[in-house]
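Some notes on the structure that comes next.
Protein chains: 2
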Amino acid sequence: MADVNPVLLDEQLCFSIYSASKKFNHFYQSALAPFGLTYPQYIAMLVLWEKAPLTVHQLGERLELDSGTLTPLLKRLEKQGWVSRVRSQTDERQVLIHLTEMATTKRDEVYSRIGQCQTLLGMTSNEIDSMMSELVTVKEQLDTVSHQRLIAKKVDQTN
Amino acid sequence: MADVNPVLLDEQLCFSIYSASKKFNHFYQSALAPFGLTYPQYIAMLVLWEKAPLTVHQLGERLELDSGTLTPLLKRLEKQGWVSRVRSQTDERQVLIHLTEMATTKRDEVYSRIGQCQTLLGMTSNEIDSMMSELVTVKEQLDTVSHQRLIAKKVDQTN
DNA sequence: TTCCAGAGTATTGTATACAATTAAATTGCC
DNA sequence: GGCAATTTAATTGTATACAATACTCTGGAA
Numbered sequence: 035m036a037d038v039n040p041v042l043l044d045e046q047l048c049f050s051i052y053s054a055s056k057k058f059n060h061f062y063q064s065a066l067a068p069f070g071l072t073y074p075q076y077i078a079m080l081v082l083w084e085k086a087p088l089t090v091h092q093l094g095e096r097l098e099l100d101s102g103t104l105t106p107l108l109k110r111l112e113k114q115g116w117v118s119r120v121r122s123q124t125d126e127r128q129v130l131i132h133l134t135e136m137a138t139t140k141r142d143e144v145y146s147r148i149g150q151c152q153t154l155l156g157m158t159s160n161e162i163d164s165m166m167s168e169l170v171t172v173k174e175q176l177d178t179v180s181h182q183r184l185i186a187k188k189v190d191q192t193n
Numbered sequence: 035m036a037d038v039n040p041v042l043l044d045e046q047l048c049f050s051i052y053s054a055s056k057k058f059n060h061f062y063q064s065a066l067a068p069f070g071l072t073y074p075q076y077i078a079m080l081v082l083w084e085k086a087p088l089t090v091h092q093l094g095e096r097l098e099l100d101s102g103t104l105t106p107l108l109k110r111l112e113k114q115g116w117v118s119r120v121r122s123q124t125d126e127r128q129v130l131i132h133l134t135e136m137a138t139t140k141r142d143e144v145y146s147r148i149g150q151c152q153t154l155l156g157m158t159s160n161e162i163d164s165m166m167s168e169l170v171t172v173k174e175q176l177d178t179v180s181h182q183r184l185i186a187k188k189v190d191q192t193n
């Protein structure tokens, strides 16, 4: 253990990303304050505006969130009039999330506000694409490594 | 409002970063499970290992977290034996966060574990530096823009 | 000296996240 | 058709985040 390198916060990519994520979150939440949407609520609405209705599970796959997070979030969106939660007739395990008229009406206002935010960010499409592409690589590597660790655990358990 | 561009989740840099942040969080939390540290607890320990003792305020400046988050987090770290919280003698408003012997003893084990994680990530120093540098640019822009919006709000209020 | 504005921490209330469990409905398989 | 395994949401418990508030302490001005 004598050959261990120090780990400095300022050199950690994870912290840089964690910090950026919080700043983005705050930025959009502030920009969307007139609509009363939090950041996670906003990305849920984005997915629903792309293609509603969706089940909780389908929405969760896009957002990488489970029902433990989504159920209360969607109840709040319902309370504020953005969505309705309807138990599916064909499969009563599922709950379909529909857009309300208000959500459909306000969609372009929100789109427009986000467009302004993107302009304020002042990045070119190329810069954004490049950065997202690097992030995809990192995320894939994290998924792979997490999966390996899972396999390793399983192997350990069989010993 | 007829000239509004659609906003697609998969094209949002913010979501890419939000998603990566969650994956990193999960990855490190899993790697540090033998030590019982969550990700935010781990980065707090990193800062303390660099320079303890620190006041709650100083720690919060490094981590960009306020006492509303840190106080309960530090109480949990104290409960688990990593730190002690001592009211300052010279200024009784402040609480100094000290490392325990256990924390000092286990530091290199954690450093070593994190070193393994960095290896698993499989990125070169250059790649990491480059990405962090881009993130700094984005974060500075977000800070600037948030500040502008704040100014704008103040101007609005005077009208 | 007294008083008070500001600093530092803790607390409260709201909203995520996520693991683990529960409960209900559906599917497969005999 | 009957039932075990699976799927889907909801619930429970723990841990962040953060705005807003409360409370204590400090240092300086009147």
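Protein sequences appear in the order of chains H and F.
The first sequence runs 35 to 193 under my numbering.
The second sequence runs 35 to 193 under my numbering.
Just so you know, even glycine gets a beta-carbon here, dropped at the ideal spot from N, CA and C.
Please read all numbers here as calculations on a predicted model, not as lab measurements.
Option nearest residue i by Cα separation, candidates the options
i: F/Tyr73; options: F/Met166, F/His60, F/Lys85; result: F/His60
i: F/Val38; options: H/Ile162, H/Gln150, H/Ser159, H/Ile131; result: H/Gln150
i: H/Leu154; options: F/Val81, F/Ser55, F/Leu176; result: F/Leu176
i: F/Met48; options: H/Glu84, H/Leu97, H/Val41; result: With the sequence shown as reference, residue 48 of chain F is identified as Cys, and Met is not the correct amino acid for it. Considering only alpha carbons, the answer is H/Leu97.
i: H/Gln128; options: H/Ala137, H/Gln152, H/Leu107, H/Gln92; result: H/Gln92
i: H/Leu111; options: H/Gln123, H/His132, H/Gly102; result: H/His132
i: H/Ala137; options: H/Ser118, H/Val90, H/Asp125, H/Thr124; result: H/Ser118
i: H/Met157; options: F/Ser159, F/Met157, F/Thr171; result: F/Thr171
i: F/Leu108; options: F/Thr124, F/Glu126, F/Leu71; result: F/Leu71
i: F/Leu88; options: F/Ser122, F/Thr178, F/Gln182; result: F/Ser122
i: F/Leu116; options: F/Leu82, F/Val90, F/Gly102; result: Note on residue identity: the sequence assigns Trp, not Leu, to residue 116 of chain F. It is F/Leu82.
i: H/Lys173; options: F/Lys173, F/Lys56, F/Gly102, F/Thr124; result: F/Lys56
i: H/Val41; options: F/Asn160, F/Thr178, F/Glu143; result: F/Glu143
i: F/Asp125; options: F/Ser101, F/Thr178, F/Val90; result: F/Val90
Whether residue i touches residue j by CB criterion (8 Å)
i: H/Ala262; j: F/Leu169; result: Since the first residue of chain H shown is 35 and the last is 193, residue 262 of chain H is not available in this structure.
i: F/Phe69; j: F/Lys140; result: yes
i: H/Ser180; j: F/Ser64; result: yes
i: F/Val120; j: F/Leu130; result: yes
i: F/Leu43; j: H/Glu84; result: yes
i: F/Phe58; j: H/Tyr62; result: no
Partners in chain H for residue i, counting only beta-carbon separations shorter than 7 Å
i: F/Pro40; result: Tyr145
i: F/Ile162; result: Leu47
Within chain F, partners of residue i - CB distance below 7 Å
i: H/Ala54; result: Ile51, Leu169, Val172, Lys173
i: H/Met166; result: Leu47, Ser50
i: H/Leu154; result: Val179
i: H/Leu176; result: Lys57, Phe58, Phe61
i: H/Ser122; result: The premise fails here: H/Ser122 is roughly 23 Å from chain F at the closest Cβ pair, so nothing lies under 7 Å.
Chain-ordered neighbours of residue i on chain H, where CB pairs are closer than 9 Å
i: F/Asp100; result: What F/Asp100 touches in chain H: nothing, since even the nearest Cβ is about 12 Å away.
i: F/Ile77; result: Leu43, Gln46, Cys48, Phe49, Tyr52
Residue i: contacting residues in chain H (beta-carbon distance under 8 Å)
i: F/Arg96; result: Leu43
Chain-ordered neighbours of residue i on chain F, where CB pairs are closer than 9 Å
i: H/Leu80; result: Val41, Leu42, Leu43, Gln46, Phe49
i: H/Gly20; result: The structure shown does not extend to residue 20 of chain H, since chain H is modelled only from 35 to 193, so the question has no answer here.
Residue i beta carbon near the ligand NAD (any heavy atom closer than 7 Å)
i: F/Val172; result: Ligands displayed in this structure: none; no statement on the ligand NAD is therefore possible.
8 Å Cβ cut-off: residues of chain F touching residue i
i: H/Lys85; result: In chain order: nothing, as chain F lies at least about 10 Å away.
*Which runs of the alpha helix (DSSP H) spanning at least 4 residues fall entirely within the region 92-119 of chain H, listed in chain order?*
Listed in chain order, the alpha helix (DSSP H) elements of length 4 or more contained wholly in the region 92-119 of chain H are 101-113.
*Flag this pair as touching only if the region 132-147 of chain H and the region 157-166 of chain H have three or more C-beta atom pairs under 8 Å; answer yes or no.*
no
_4 or more residues per run - each alpha helix (DSSP H) lying fully within the region 117-156 of chain H_ = 135-155
_the region 75-84 of chain F contacting the region 97-108 of chain F, beta-carbon criterion three pairs below 8 Å_ = yes
*asked:* So within the region 62-97 of chain H, which uninterrupted beta strand (DSSP E) runs reach at least 3 residues, ignoring any that extend past its ends?
replied: none
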